[in-house]
Structure formats: C-alpha cells, structure tokens
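Each remark here refers to the structure printed beneath this line.
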Amino acid sequence: MLEIESLNKTFAAPSGPVVALRDIRLTVGRGEFVTFIGPSGCGKSTLLKIVAGLDTVYEGSVKLNGERIGGPGIDKGVIFQEPRLFPWLTVEKNVAANLSLRNPEVRKRVGELLELVRLQGFEKAYPRELSGGMAQRVAIARALLRNPDILLLDEPFGALDAFTRSHMQEVLLDIWQRSKTTMLFVTHDLDEAVFLGQRVVVMNPRPGHIRSVLDIDLPYPRSRTGASFQELRALVLGEFEKVEKGPAVDVGAGI
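What the sequence shown shows, in our numbering, is residues 47 to 301, in sequence order.
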C-alpha cells in the first residue's frame, strides 16, 4: 500500500548540505498500524511530511497504492501535535471543513465521525469549550472526513496530560479498528509506540535512517502491565538505547 524505496532527503544549510534521511526503505500494508520512535533530529517528522506530500523534494521513490506521491491529497490525512481547529467554527463545522453541512450526505458523514470519536452531543460546541483530548478528537474526525487511505499522526498526544493521553490512545485504537485506515504514528514515548503499533520502526539520527523494525505480536486490547508487553517493551528499549549510544554520523556524508 505504501512503498518507500531508497529515500534520501537533504536540506541546504549555511554550513553546507545536511542529510536528514538516508536510504529509507519501508513497506506498509493496507490497514496496518506502524509507530515510529527515535531521538529528536532523526527525521521522523520529515519522513511523515514526505509521505503526506508536503515535501516533494527528495531522492528515491515514495508510492501510495502504486502511484508516486506528488503532493497533498484527500487520500492522505494528517494530524499534528496541535489540533489546529478554527476557533470561530463549531465542532461539526470544523469537521466538515470546506464542505457544507446543508448537504445531507456531508451532515450524515460528520455525524458518523463524531460518533466514531465519541463526541456526540458536542456538535454545536466551540473549540474553546473543549478539553485538549476532545479538540484532538475533532482533528482526527476532520482528517477522516474524506476516507483517506492513510492517516499520518505526528506526536498527536504529546501535549496532553498522562491520563488524557492514555485515554486518547484507547480512542485511537478503537477508531483504527473500526475505520480500517492505515496509520503511521510518530512518537517520543516508548510505551505509546509499543501499546499502539503492530510494528515499531526505530530510527537513528545524523543522518536519519531506520535502525530496526520490530514486530509487536500482541493482541488488542493490550495491557501495559502484562509480561508479554514488558518483554516487547524491553526489546524496543534495547534497540532505542543502542541508538542513543551509537556514534554520531557525519551529516555531510553520502552527498
């Protein structure tokens, strides 16, 4: 469904070119949930922007459903750390975005999505009246409006408190299981990566590249306190610790 081959991304800087991503190779199947973890500066967000079509200047091949990604489109939904809602619009109008709620099909779809994200009864509320978790659920509903093939989430729960974050992880898994949408999820939280993903991609920095891809062979729902979860968490932590202790790589190499 998503095929990334020999992806390289270089940024121009006053001190010379900086390699952000080097030789990224990854295939993601339809309906799969993949999480990405790694230290700051390892290129996780840059990779997501390329898949989203927000950055089209790179070397290599990035294809969605066999077609090269050439820019943003309704086949790709994006969720950022901040909900980025329009403060002057109600919840239902934020979800509808540029589509009219006077259209019966749009109104029906918005209603279905608000039920999916557990926000029935808040259709007429404004963003200022919502908690952080509720606002992020509105953003997720908006991203799903046009039935995207893939949903890209860049640390969407990073600004939430621990209780709300845990709740939102449960909500997201429910949305994923019911919508069958492919999800790529970037996080700095190791527990979150293991709790959500069917696979965890561990990335190295300087330049950003994939160190390892670990299968999380646990059924849903998952218990963070279970022995199997803790074993897999330790496995991912071991890979992550190798990333932190690994030698720095010359960012100018390979250009």
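Glycine included, each C-beta is placed from N, C-alpha and C at the ideal position.
Remember, it's a predicted structure, so these values are computed and weren't measured experimentally.
Is it the case that the Cβ atoms of residue i and residue j are separated by a distance below 9 Å?
i      : j      : result
Asp121 : Asp200 : no
Leu191 : Val156 : yes
Gly178 : Asp220 : no
Leu176 : Gly123 : no
Glu238 : Phe203 : yes
Leu93  : Ile70  : yes
Pro150 : Val289 : no
Lys154 : Gly254 : no
Val232 : Thr81  : yes
Thr271 : Gly77  : no
Leu242 : Leu260 : no
Ser52  : Glu105 : yes
Val152 : Ser146 : yes
Gly87  : Arg252 : yes
Leu65  : Asn54  : Rather than Leu, the amino acid found at residue 65 in this sequence is Val. Going by C-beta atoms, Val65 is nearer than 9 Å to Asn54.
With H, G and I counted as helix, E and B as strand and the rest as coil, what does DSSP make of residue i?
i      : result
Leu53  : strand
Asp296 : For Asp296, the pLDDT reaches just 32, beneath the cut-off of 50, and the residue's location in the model is therefore unreliable, although a value from the coordinates is still provided. DSSP places Asp296 in coil when its eight states are reduced to three.
Leu145 : coil
Leu283 : helix
Thr81  : strand
Ile11  : A question about residue 11 goes unanswered here, because the residues of the chain that appear run from 47 up to 301.
Ser269 : coil
Ile120 : coil
Asp101 : coil
Ser258 : strand
Leu94  : helix
Leu278 : helix
Going by DSSP, what residue range makes up the alpha helix (DSSP H) through residue i?
i      : result
Glu161 : 150-162
Val248 : Val248 -> not in any alpha helix (DSSP H); beta strand (DSSP E) instead, spanning 245-250.
Glu216 : 208-225
Val233 : Val is not the amino acid found at residue 233; the sequence shown has Thr there. Unbroken run through Thr233 is the beta strand (DSSP E), 228-233; no alpha helix (DSSP H).
Ile186 : 178-190
Asp237 : 236-242
Cutting at 6 Å between CB atoms, please list the residues of its own chain near residue i, excluding the five before and the five after it.
i      : result
Leu72  : Ile50
Met229 : Phe79, Leu197, Trp222
Ala98  : Lys122, Val124, Leu198
In chain order, what residues of the same chain lie with their CB nearer than 7 Å to the CB of residue i, ignoring the 5 residues before and after it?
i      : result
Phe286 : Ile83, Leu236, Val248
Leu131 : Asn140, Pro173, Ala181, Val184, Ala185
Leu278 : Val240, Ile262, Leu264
Ser274 : Leu264
First and last residue of the beta strand (DSSP E) that includes residue i?
i      : result
Thr73  : 64-74
Val108 : 105-110
Leu197 : 196-200
Can you find the residues in the same chain that come closer than 8 Å, C-beta to C-beta, to residue i, ignoring five residues on each side of it along the sequence?
i      : result
Ala205 : Gln127, Glu128, Gly178
Thr102 : Ile96, Ile115, Gly116, Gly117
Pro133 : Tyr172, Pro173, Arg174
Gln244 : Glu78, Phe79, Val80, Asp261, Ile262
Is there contact here, the region 160-170 with the region 181-191, by at least three beta-carbon pairs under 8 Å?
yes
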